[in-house]
Amino acid sequence: MDPSVKIKKFADDTTVIGLTRDDDESAYRRTVDQVVLWSNQNNLELNTAKTVEISGTNPALTILDRTVMAVESHRFLGTTITKDRKWDCNISSIIKKGQQRMYFQGQLRKFNLSQELMVQFYTDTIESVITSSITAWGSSSTKHDIHKLQRIIRSAEKITGVKPPTPLDLHTSRTRKSAEKITDPSHPGHHMFQHLPSGWRFSQMRIKTARLQRSFFPHITLINS
């Protein structure tokens, strides 16, 4: 398989991700054809009615004589990915879901549950939503987004009596944990970073675009601290 194309499998969902240059999608489309062929050979039926594609301006993708629907955004494993690679829709969805679940946190208080159980409910039900894919969108969040997230956290603090981690703390801790995985040479992004002469600290990567600056990769240097 071409190194510019990755296949992600989760349960019965298959995602093909292709890195294209100069609108050249040939490697990506060959991989899609290979997935279709492999599925047919192994008696697996692809549901083309539920298949969508987020791509550039090239001709529409065709699978089994059916044109795949081109979409502006798609929800992938709970995270909304858009064609313009922005995170506004995803962040808004997270904030809305967090606010909705705070209602149940308030209702539980009426039953006089212990502080330990209240904190556990917040961690499992609300904080887990706030931190969903936070390593991807955290750096792109605006002050307005952070303020809305902080309001949810402050509400939880009033109910539980325990101060939860701030959005910045959550982003930093999750990013540092994920960054440690890149130190493994088998990681696809390992080649993007080099060690300093000390041998154990990573050098800061060169950044030429604002999009890359707001992405996960520049924060790998968190593991230097």
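Residue numbering for the sequence shown follows our numbering, starting at 18 and increasing by one per position.
Each residue gets a CB set at the ideal place from its N, CA and C atoms; glycine is no exception.
For the candidate residues the options, whose alpha-carbon lies nearest to that of residue i?
i	options	result
isoleucine 80	Glu70, Glu89 and Ile163	Glu70
glutamate 172	Arg38, Tyr45, Ser203 and Arg126	It is worth fixing the name first, because residue 172 is serine in this sequence and not glutamate. Looking at the Cα atoms, Arg126 is the closest of the given residues.
aspartate 40	Ala77, Tyr120 and Trp154	Ala77
asparagine 75	Arg223, Lys194 and Tyr45	Tyr45
isoleucine 163	Tyr139, Arg193 and Pro184	Pro184
threonine 142	Phe121, Phe128, Leu130 and Ser56	Phe121
threonine 68	Lys225, Ala87 and Asn129	Ala87
glutamate 144	Leu187, Phe128, Leu130 and Asn129	Leu187
Apart from the five residues on each side of it in sequence, which residues of its chain come closer than 6 Å, Cβ to Cβ, to residue i?
i	result
methionine 135	Thr177
threonine 31	none
isoleucine 170	Pro181
aspartate 29	none
leucine 36	Ser21
Give me the DSSP bridge partner(s) of residue i.
i	result
valine 22	Gly35
aspartate 30	Phe27
threonine 99	Ser90
threonine 79	Thr84
glutamate 70	Ala87
aspartate 41	Arg38
So, for residue i: in the same chain, excluding its five sequence neighbours on each side, which residues have a beta-carbon less than 7 Å away from its beta-carbon?
i	result
phenylalanine 93	Thr32
glutamine 116	Ile169
glycine 95	Ser149
arginine 191	Thr148, Ile151 and Thr152
histidine 204	Lys198
tryptophan 154	Trp104, Asn107 and Ile108
serine 43	none
glycine 123	Ile176
valine 146	Ile111, Lys114, Gly115 and Arg118
serine 56	Leu63
tyrosine 139	Gln122, Ala173, Thr177 and Pro181
lysine 165	Ile112
Please list, in chain order, all residues of the same chain as residue i whose beta carbon is under 8 Å from its beta carbon, the five residues on each side excluded.
i	result
threonine 24	The sequence shown places isoleucine at residue 24, not threonine. These residues qualify, in order along the chain: Met18, Thr31, Thr32, Val33, Ile34, Thr48 and Val52.
glutamine 132	Thr177, Gly178 and Val179
serine 90	Ile71, Thr97, Ile98, Thr99, Lys100 and Cys106
threonine 65	Ile80, Leu81, Arg83 and Val85
glutamine 167	Thr183 and Pro184
phenylalanine 27	Leu94
Could you confirm whether any beta carbon from chain C is found closer than 8 Å to the beta carbon of residue i?
i	result
isoleucine 71	In summary, chain C is missing from the structure at hand, where a single protein chain is found.
Exercise for the section: Assess, as a yes-or-no matter, whether the stretch 144 to 156 is touched by the stretch 104 to 114 under the definition of 3 or more beta carbon pairs within less than 8 Å. Expected result: yes
Exercise for the section: Answer yes if the stretch 152 to 163 comes into contact with the stretch 100 to 107, meaning at least three C-beta pairs across the two stretches below 8 Å, and no otherwise. Expected result: yes
Practice task
Would you mind listing the alpha helix (DSSP H) stretches within the stretch 142 to 213 that are 4+ residues and don't spill past its ends, in chain order?
Solution key: 151 to 154, 160 to 177 and 184 to 199
Problem - Length-filtered (3 minimum) beta strand (DSSP E) runs lying within the stretch 96 to 137 - result: 96 to 99
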